[in-house]
Structures are given as C-alpha cells and as structure tokens.
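See below for the structure under consideration.
2 protein chains.
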Amino acid sequence: MTVFEPISVPDPSAESSAADFSVRVAEERFIEAMGLAHEEDRLPRIAGRLVGLLILSPEPVRFDHLAARLRVSRASISTNTRLLENMGVIQRVTRPGDRRDYFKINEEPGLLLRIVDRYRARQASAEEMKRALLPEPDAGGVVAERLDRFIRFYSILADSLNSVLAAMAGGDGNSRPGTA
Amino acid sequence: MTVFEPISVPDPSAESSAADFSVRVAEERFIEAMGLAHEEDRLPRIAGRLVGLLILSPEPVRFDHLAARLRVSRASISTNTRLLENMGVIQRVTRPGDRRDYFKINEEPGLLLRIVDRYRARQASAEEMKRALLPEPDAGGVVAERLDRFIRFYSILADSLNSVLAAMAGGDGNSRPGTA
DNA sequence: CGGTTTGTTTTGTCAAGACTGAACACGATG
DNA sequence: CATCGTGTTCAGTCTTGACAAAACAAACCG
Chain A
1 MTVFEPISVP DPSAESSAAD FSVRVAEERF IEAMGLAHEE DRLPRIAGRL VGLLILSPEP
61 VRFDHLAARL RVSRASISTN TRLLENMGVI QRVTRPGDRR DYFKINEEPG LLLRIVDRYR
121 ARQASAEEMK RALLPEPDAG GVVAERLDRF IRFYSILADS LNSVLAAMAG GDGNSRPGTA
Chain B
1 MTVFEPISVP DPSAESSAAD FSVRVAEERF IEAMGLAHEE DRLPRIAGRL VGLLILSPEP
61 VRFDHLAARL RVSRASISTN TRLLENMGVI QRVTRPGDRR DYFKINEEPG LLLRIVDRYR
121 ARQASAEEMK RALLPEPDAG GVVAERLDRF IRFYSILADS LNSVLAAMAG GDGNSRPGTA
C-alpha cells in the first residue's frame with residue numbers, strides 16, 4: 001500500500017498576496033464541504049476533510065502537517081489515513097532516508113466503486129423478492145410492477161455509473177478490468 | 001400531503017399455504033434489506049423497513065398495522081412516517097368517515113432526487129474551488145486537473161441519474177416537470 | 001360531559017462512534 | 001544507552017441519534 005516517490009520539499013517562501021488569501025478561504029470552504037459530503041456517506045468527518053485537503057495539495061503532505069492544518073490530534077490522522085488508505089482513496093508515500101509519512105490522494109476513483117456496489121445490492125434484493133413472489137402472480141400485480149421499476153432503476157444506475165468510471169479511467173490512461 | 005383514496009379492506013381470509021410461507025420469509029428479508037440500505041443513506045432503519053413493507057403492500061397499510069408488523073412503537077411509526085412523507089417517499093392516505101391513517105409508497109421516485117442533489121452539491125463545491133484557484137494557473141496545474149475530473153464525474157453522474165428518472169417517469173405515464 | 005380511539009410530542013435511555021490525550025512501540029541518532 | 005522523532009493503540013469522554021413509554025391532543029361516541 002506504500003508508494004515510493006521522490007518528494008519535492010514544499011516551498012517555504014510564503015509571500016501572501018490578497019489573491020492568496022481568498023484562495024485560502026476557498027480552500028477552507030472546500031475542505032469543510034468535503035468533510036460534510038463524506039459524512040453523508042457514513043465516513044468520519046475528518047476523513048472527508050483529509051480527502052479535501054489532499055485533493056488540493058499538488059504534493060504529498062506530511063503526516064504531522066495534516067494534523068496541524070486540520071487541527072486534529074495525530075491519533076485521528078493515524079486512524080483516518082489508515083481507513084482511507086484501506087479504501088484505496090489515498091496513498092501513503094514514503095521516501096528513503098525519511099522516516100516520516102506523506103499522503104496523496106489516489107487519482108483512481110476508488111470511492112465510487114463502493115457506490116456502485118450499494119446500488120447493485122439493492123437491485124439484488126429486489127430481484128430476490130421478485131423471484132419469491134413469482135408463484136402468485138395474482139396479488140403480485142402492483143407489487144411486481146413496483147419491484148420491476150426498482151430493479152430497472154438501480155440496474156441502469158449502476159450500469160451508467162460503471163460506464164462513467166470506465167470512460168474516465170480510459171481518458172485518464174488507467175484501465176479498470178472486470179467492471180465493464 | 002394527504003391523498004384521498006378509496007380503501008379496499010384487506011381480505012382477512014388468511015389461508016396459509018407452503019408457498020405463502022416462503023413468501024413471508026422473503027418479505028422479511030426484503031424489508032430488513034431495505035432497512036439496512038436506508039441506514040446507509042443516513043435514514044433511520046425503521047424508515048427503511050417502512051419503505052420496504054409499503055413497497056410490498058398492494059393496498060395502503062393502516063398506521064397501527066405498521067407498528068404491529070414491524071414491532072415498533074407507535075411513536076416510531078409516527079416519527080418515521082412523517083419523515084418519509086416530508087421527503088415525498090410515502091403518502092398518507094385518508095378516507096372520509098375513517099379516522100385512521102393509511103400509508104402507501106409514492107410511486108414517484110422521490111428519494112432519488114435527493115441523491116441527485118447530493119451529487120450536484122459536490123460538483124458545485126468543486127466548481128467554486130476551481131474558480132477561486134483560477135488566478136494562479138501555476139500551482140493549479142495538477143490540482144486544477146483533479147478538480148476538473150471531479151466536476152466532470154459528478155456532473156455526468158447527476159445528469160445520467162436525471163435522465164434515468166425522466167425515462168422511467170415517461171415510461172410510467174408520470175411526468176416530472178423541471179428535471180429533464 | 002366522560003370515555004375511547006387514534007396519532008403526536010415529550011422525555012428519557014441507550015448504543016454507536018468520532019475524537020482526544022496518554023501510553024506505547026520502534027527505529028534513528030548522539 | 002538515553003533520547004528524540006514518528007506513528008499507532010488504548011481508554012475515556014462527549015455527541016448524536018434511534019427508539020420507547022408516557023403524557024398529551026383531538027376527534028368521535030355514548
């Protein structure tokens with residue numbers, strides 16, 4: 001899970017212009033928005049903020065830098081980076097001769113596959129129900145129709161999601177086998 | 001929010017065959033699956049079960065019947081039906097001369113619009129960030145590209161979701177203005 | 001007017017889990 | 001070896017939210 005990569009030290013010459021400031025504010029907003037968004041997906045808010053911050057960071061970011069920037073404990077950084085790393089959303093980056101850990105977002109959209117799975121699961125349980133209902137087409141009239149819509153909807157949804165993923169992976173030079 | 005509709009009294013002649021039983025089991029599983037699925041969407045589990053049960057009910061179901069069937073308190077039914085009703089997922093059905101409330105699922109996929117909104121929101125916050133980043137195209141190189149992918153993905157996703165919704169509404173005889 | 005049925009609101013309890021500080025592990029370094 | 005730097009794990013706190021029981025409200029009925 002560990003990526004090996006040369007790190008270019010972030011430029012410490014901090015000239016702060018007016019534009020710089022507005023960018024900083026926008027970053028704050030974006031990071032917070034990502035926190036909220038991921039919370040909706042049942043992920044810790046900190047994990048979301050982490051993702052937001054890493055999206056905005058051209059270079060891998062140091063572990064303790066993350067803690068300082070987001071103003072949370074190192075423990076939280078440790079927990080949430082591990083979580084995101086396992087999910088394939090971010091990558092841990094190390095450099096020989098440097099004991100510290102850096103993190104970068106994974107350019108491959110790992111998170112989205114999870115969404116597809118969720119939709120597929122719903123489709124599946126509707127299909128199972130429909131099969132169980134088959135013996136009696138009588139009372140199943142309205143219900144069977146509903147289930148059909150349900151199944152159709154989630155199936156189309158998952159399919160189109162997959163095709164978007166495939167398209168982006170293709171345009172990006174990355175291939176994701178087994179999901180087309 | 002209240003629908004006005006004649007109610008056909010559910011047939012109390014309960015002849016239970018073997019097939020009937022397996023259907024009952026399948027229903028249980030389906031309802032439970034819907035409970036879990038909705039929990040993932042940050043809705044109370046009971047709300048999800050409610051939806052599951054109502055999907056499987058050809059006729060509107062009585063308030064206290066819901067409590068009995070799902071074995072939860074009337075308080076929970078009250079809270080969760082109100083929640084789902086406000087979200088447009090289910091409809092309260094009343095009948096003149098009958099003080100009791102019945103519920104049915106809304107055949108229009110109200111819940112899904114919420115998903116679209118979520119995706120649009122993410123797209124929007126990425127767009128905002130990108131705009132704020134514009135003044136400095138320098139450091140924005142990698143980041144701007146990421147944001148672009150981000151925006152593109154969620155935009156396509158929301159669009160395709162919308163078109164699925166539109167298609168289903170069309171094939172279903174229902175029109176949803178303002179979402180094409 | 002009581003009393004009954006039906007649904008709502010309030011209040012309290014309980015569990016889940018996010019987050020932290022502190023202890024810990026472990027390698028590097030003087 | 002003592003110490004520092006770095007990340008992880010553990011134990012505890014605090015918040016959130018689901019759920020229920022009970023009090024409540026309102027419509028109906030005798």
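Residue numbers (our numbering), protein chains in the order written: chain A, 1 to 180; chain B, 1 to 180. Note that beta-carbon positions come from the ideal geometry of N, C-alpha and C, so glycine has one too.
Assignment of alpha helix (DSSP H) within the stretch 27-115 of chain A, counting only whole runs of 4 or more residues, yields 45-55, 63-70 and 74-87 in chain order.
Cα atoms of Thr-81 of chain B and Arg-146 of chain A: separation of roughly 20 Å, rounded to the nearest angstrom.
Residue contact with chain A for Ser-76 of chain B: absent (no Cβ-Cβ distance below 8 Å to any residue of chain A).
Annotation: Phe-153 of chain A to Leu-165 of chain B spans about 8 Å, alpha carbon to alpha carbon. Using a Cβ-Cβ cut-off of 8 Å, Pro-109 of chain B counts as an interface residue toward chain A, since at least one Cβ of chain A sits closer than that to its own. In the structure shown, the three-state DSSP call for Leu-134 of chain A is coil. Within 9 Å of the CB of Gly-141 of chain B, the CB atoms of chain A belong to Pro-58, in sequence order along the chain.
By alpha-carbon distance to Asp-159 of chain A, the top candidate from A:Ile-115, A:Asn-106, A:Ala-126 and A:Lys-130 is A:Ile-115. The shortest CA-to-CA distance from Phe-21 of chain A to any of B:Ala-132, B:Ser-57, B:Phe-150 and B:Gln-123 is the one to B:Ala-132. Sixteen is the threshold: when 16 or more other Cβ atoms of the shown chains lie within 10 Å of the Cβ of Glu-27 of chain A, as they do, the residue is buried.
Short of 7 Å from the beta carbon of Pro-44 of chain B, and not among the five residues preceding or following it, lie these beta carbons of its own chain, in chain order: Asn-80. When the five nearest sequence neighbours on each side are left out, the beta carbons in the same chain lying within less than 6 Å of the beta carbon of Leu-50 of chain A are those of Asn-80, in order along the chain. Among the residues of chain B, none has a CB under 7 Å from the CB of Glu-127 of chain A; the nearest is roughly 10 Å distant.
Shortest Cα-Cα distance from Arg-24 of chain B to any of B:His-65, B:Arg-71 and B:Leu-53 involves B:Leu-53. Between His-38 of chain B and Gly-48 of chain B, the alpha-carbon positions lie close to 5 Å from each other. Within the model, the alpha-carbon separation for Glu-108 of chain B versus Val-72 of chain B is close to 27 Å. Closest option to Ile-55 of chain B, judged by alpha-carbon separation, among B:Ala-124, B:Arg-42 and B:Gly-35: B:Gly-35.
Listed in chain order, the non-local C-beta contacts of Leu-157 of chain B below 6 Å within the same chain comprise Tyr-119, local neighbours out to five positions each way being set aside. Each of A:Ser-163, A:Arg-62, A:Arg-122 and A:Gln-91 was checked against the Cα of Asp-148 of chain A, and the nearest Cα belongs to A:Arg-122. Among the residues facing chain A, Leu-66 of chain B is not included, as its CB has no counterpart in that chain under 8 Å away.
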